[in-house]
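Residue numbers (the working numbering), protein chains in the order written: chain A, 23 to 587; chain B, 11 to 173.
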Amino acid sequence: MVVRALRDEGVKYIYGYPGGALLHVYDAIFQQDEVQHILVRHEQAATHMADAYARATGKAGVALVTSGPGATNAVTGIATAYMDSIPMVVITGQVMSHLVGEDAFQETDMMGISRPIVKHNFSVSHAEEIPTVIKKAFHIAQTGRPGPVVVDIPKDMTTPTERFEYEYPKSVKLRSYNPISRGHSGQIKKATDLLLAARRPVIYAGGGVIMGEASNELTELAKLLNYPVTCTLMGLGAYPGTDRQSLGMLGMHGSYEANMAMHHSDLILCVGARFDDRVTNGVDKFCPTAKIIHIDIDPASISKTVKADIPIVGPAQGVLTEMLELVAGSKKHPDESALKAWWEQIDEWRARHGGRYSTDDSELMKPQQVIEMLSKVTNGDAYVCSDVGQHQMFAAQYYKFNKPNRWINSGGLGTMGFGLPAAMGVKLNFPDADVACVTGEGSIQMNIQELSTCKQYDLPVKIINLNNQSLGMVRQWQDMNYESRHSHSYMKSLPDFIKLAEAYGHVGMKVEKYEDLEAAMREAFALKDRLVFMDIYVDPFEHVYPMQVARGSMRDMWLNKTERT
Amino acid sequence: MRHIISVLLENEPGALSRVVGLFSQRNYNIESLTVAPTDDATLSRLTVTTIGDDRVIEQITKHLNKLIDVVKVVDLTEGDHIERELMMIKLKASGATRAEIKRTADIFRGQIIDVTPTTYTVQLIGASDKLDAFISALGATSIMEVVRSGVSGIARGEKTLSL
Ligand SMILES: Cc1ncc(C[n+]2csc(CCOP(=O)(O)OP(=O)(O)O)c2C)c(N)n1
Ligand SMILES: [Mg+2]
Chain A
23 MVVRALRDEG
33 VKYIYGYPGG
43 ALLHVYDAIF
53 QQDEVQHILV
63 RHEQAATHMA
73 DAYARATGKA
83 GVALVTSGPG
93 ATNAVTGIAT
103 AYMDSIPMVV
113 ITGQVMSHLV
123 GEDAFQETDM
133 MGISRPIVKH
143 NFSVSHAEEI
153 PTVIKKAFHI
163 AQTGRPGPVV
173 VDIPKDMTTP
183 TERFEYEYPK
193 SVKLRSYNPI
203 SRGHSGQIKK
213 ATDLLLAARR
223 PVIYAGGGVI
233 MGEASNELTE
243 LAKLLNYPVT
253 CTLMGLGAYP
263 GTDRQSLGML
273 GMHGSYEANM
283 AMHHSDLILC
293 VGARFDDRVT
303 NGVDKFCPTA
313 KIIHIDIDPA
323 SISKTVKADI
333 PIVGPAQGVL
343 TEMLELVAGS
353 KKHPDESALK
363 AWWEQIDEWR
373 ARHGGRYSTD
383 DSELMKPQQV
393 IEMLSKVTNG
403 DAYVCSDVGQ
413 HQMFAAQYYK
423 FNKPNRWINS
433 GGLGTMGFGL
443 PAAMGVKLNF
453 PDADVACVTG
463 EGSIQMNIQE
473 LSTCKQYDLP
483 VKIINLNNQS
493 LGMVRQWQDM
503 NYESRHSHSY
513 MKSLPDFIKL
523 AEAYGHVGMK
533 VEKYEDLEAA
543 MREAFALKDR
553 LVFMDIYVDP
563 FEHVYPMQVA
573 RGSMRDMWLN
583 KTERT
Chain B
11 MRHIISVLLE
21 NEPGALSRVV
31 GLFSQRNYNI
41 ESLTVAPTDD
51 ATLSRLTVTT
61 IGDDRVIEQI
71 TKHLNKLIDV
81 VKVVDLTEGD
91 HIERELMMIK
101 LKASGATRAE
111 IKRTADIFRG
121 QIIDVTPTTY
131 TVQLIGASDK
141 LDAFISALGA
151 TSIMEVVRSG
161 VSGIARGEKT
171 LSL
């Protein structure tokens, strides 16, 4: 019933790992070929694959893991999806119902463990309700503010000899769950008036624009008004990164111009973002002159950390469409001379820093150069799946995303080990696309066993390992706050990644000089049907800049190792 | 400020733990908590008293509403309402204090519901501050055990919390 329900939900791939509690389900998987199962090497990877599929398509991915250790191995992946509001259905096996609570072999209370990191969870207590529960799980995961849903199924609920009437419901209704389907017109009208009266506006776009499929509407509105746009780490691609109106990312490692513009603005239109501490810096000093319009599907995100002057609860796409109509039909227009002066100011900020980094202080290649090359070689069109660390920030800063759903990273939880399984999940579903995993020698080793899965299922992703021989992000903080006492941020005895890749049946390439980078990278991407592990040696002493000064305002930043605003 | 928040909850296993989990996870305070099924067997009613400024209370009600098992939420303190709590208190009652306790219980309209030669158990119903007042009127010496139900509340007038 589980497998049939997944098929009827239109699921093509599930990612999983078998075990005792799931043997009935795996037997059912064996006997059909509509729902294809991908066998990972660690359950964490299954959840990240499902999660990345969702990030690239907006549809819930499905992971299947057994009880006990299988379920606990999936916890990191569930929390990763939860923090970034990613739709996902995780089916966990459970011991037989009559053994639940008895500390049976491979029993863990997955309902309890997962409760704080899921949008909802279900425990199946009658086999005949499986189709309805699975339908509800998808419904909850994919509507409103998306999120992961866990379905815990005791083994005896899947006993094949016990047969039930099967019907997969076309839709479900829950009396206690009614996600908001449109924004309040009065609020939208008020917001539009404020928007048109702004003199120093900034549009601040988050992951909600991507998941809410509203990038077209956002782009159109920004164009119509000629207002600057900055995107959060999760929102990159919501607005074309190469466009003149794009200020790049904002926040802790945001661009100088984005953070300066935010700080000095008189109006912030926030769409699908949540004023996270990595964006606002010290909230008490946050954007002192700005009025705030906040559009979000989740009322609890509004006025959580920063008070909104005009809150609008609703789906980004619908609300922006209404705003667009109002702006287009309005007799009022933004003050042209004010806007001109604002753009001049922004261009001045751009000229001051504009994402420059120095290449003179070291013989070694700079990580930024590698990302810029990646952007060039793939025309800014690749799916870039990132791990966590300095390399992630460099990728966010220097890869110019022109399309939504192309930048796939663990923003909220910051999960090292996310990158490779994520790239695999994307490549499987988009076999013709260029898929890069930007990683570091620390992160890649957290799920490196998946190179084996890549071989089994032919997943020719390109691994761009920015090898700085250190846990660079940790080291940067130690440099800045602990007088360079590098406590355990240096990795001794790194493996020979080239041999390692080859041992798994893939291609390895080592790059040490910038002169060789472009040719090597082009060669790697030309090898369409091979996984290439590019081990690229970069300057271990490089820091990510700008970097906001802790607890300051948005404009308080280090611009390089010696200069601050 | 102290708020009394009433919640209609699906009467499902695990529903209560989601509510309690929310409070501990987000560091919200719980002064008291009561929960029992309603006339509709599929629904429970839960009352929680909590302390927080407007921003915190707003977050609490929003997050409660987000829980899938939560059907409705109302902050009773926003309007006219009645609150009641039940207390049973066991007291050392011998010699002169015996009559004194009886008098105090009468003043507070408490009932003596269990008697032994050396103890009284008094039942008292009222708003929480009335129960507090009774305790301080007794003075600490004679108290052996206190059990309080936690607050239940209901809005005055036509307003109801129902489906
Ligand atoms: C699972 C996990 N453990 C620890 C951390 C803390 N952490 C954040 S970045 C980082 C270093 C990452 O090193 P590497 O992958 O080599 O990337 P680099 O910063 O050197 O580019 C660490 C340890 C984390 N984010 N995730
Ligand atoms: Mg590193």
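Backbone N, C-alpha and C fix where the C-beta goes; we use that ideal spot for every residue, glycine too.
Just so you know, these numbers come straight off a predicted model, no measurement behind them.
Check	Outcome
Option nearest residue 485 (chain A) by Cα separation, candidates A:513, A:413, A:515, A:505	A:413
Rounded Cβ spacing between residue 568 (chain A) and residue 581 (chain A) (contact assumed at less than 8 angstroms)	6 angstroms
Beta-carbon contacts of residue 450 (chain A) that lie in its chain and below 8 angstroms, excluding the five residues immediately before and after	35, 60, 71, 75, 479, 481
The segment 512-527 of chain A contacting the segment 434-443 of chain A, beta-carbon criterion three pairs below 8 angstroms	no
Within 7 angstroms, strictly: CB atoms of residue 442 (chain A) and residue 469 (chain A)	yes
Cβ-Cβ separation, residue 360 (chain A) to residue 266 (chain A) (assumed contact under 8 angstroms), whole Å	That pair is no contact at about 18 angstroms.
Members of the segment 221-239 of chain A near chain B, C-beta cut-off 8 angstroms	none
Integer Cβ distance of residue 85 (chain A) from residue 47 (chain A), believed to fall under 8 angstroms	Not a contact, Cβ separation roughly 13 angstroms.
Spatially closest choice to residue 64 (chain B) from B:158, B:88, B:146, by CA coordinates	B:88
Helix, strand or coil at residue 440 (chain A) according to DSSP, with G and I counted as helix	coil
Residue 199 (chain A) at chain B interface by Cβ criterion, 7 angstroms	yes
7 angstroms Cβ cutoff met for residue 162 (chain B) and residue 57 (chain B)	yes
Extent of the continuous beta strand (DSSP E) run through residue 154 (chain B)	153-158
Inter-residue spacing [alpha-carbon to alpha-carbon] between residue 149 (chain A) and residue 174 (chain A)	12 angstroms
Any C-beta of chain A under 7 angstroms from that of residue 61 (chain B)	no
Own chain partners of residue 107 (chain A) with C-beta closer than 6 angstroms, once the 5 adjacent residues on each side are dropped	167, 168, 169
Beta-carbon contacts of residue 576 (chain A) that lie in its chain and below 6 angstroms, excluding the five residues immediately before and after	281, 284, 285, 303
CB of residue 3 (chain A) within 7 angstroms of CB of residue 335 (chain A), strictly	With chain A running from 23 to 587 in the structure shown, residue 3 (chain A) is simply not present.
Burial state of residue 400 (chain A) (16 or more Cβ within 10 Å)	buried
Close Cβ partners of residue 348 (chain A) (< 8 angstroms) along its chain, the five nearest in sequence each way excluded	210, 211, 214
Test: residue 179 (chain A) CB closer than 7 angstroms to a CB of chain B	no
Per-residue burial, residue 153 (chain B) [other beta carbons within 10 Å of its own, 16 or more giving buried]	exposed
For residue 384 (chain A), the three-state DSSP class (helix, strand or coil)	coil
Which listed residue (B:115, B:158, B:107, B:83) has its alpha carbon closest to that of residue 170 (chain B)	B:83
Endpoints, alpha helix (DSSP H) assigned at residue 20 (chain B)	Where residue 20 (chain B) is concerned, there is no enclosing alpha helix (DSSP H), although the beta strand (DSSP E) it sits in stretches over 12-20.
Every unbroken alpha helix (DSSP H) within the segment 54-123 of chain B, with a cutoff of 4 residues, ordered by chain	64-76, 106-117
heavy atom of ligand 3 below 6 angstroms from residue 494 (chain A) C-beta	Ligand 3 is not among the ligands present in this structure, which contains only ligand 1 and ligand 2.
Residue 330 (chain A) - DSSP class collapsed to helix/strand/coil	coil
Rounded distance between the beta-carbons of residue 551 (chain A) and residue 530 (chain A), thought under 8 angstroms	Not a contact, Cβ separation roughly 16 angstroms.
Test item: CB-CB of residue 49 (chain B) and residue 166 (chain B) under 7 angstroms	no
Contacts around residue 123 (chain B), its chain only, beta-carbon distance under 6 angstroms, and the 5 residues preceding and following it disregarded	131, 133
Cβ-based burial, residue 318 (chain A) [other Cβ within 10 Å; buried from 16]	buried
Given 8 angstroms, three or more beta-carbon pairs between the segment 185-193 of chain A and the segment 140-154 of chain A	yes
Residue 142 (chain A) at chain B interface by Cβ criterion, 7 angstroms	yes
Three-state secondary structure (DSSP) of residue 51 (chain A)	helix
Any C-beta of chain B under 7 angstroms from that of residue 138 (chain A)	yes
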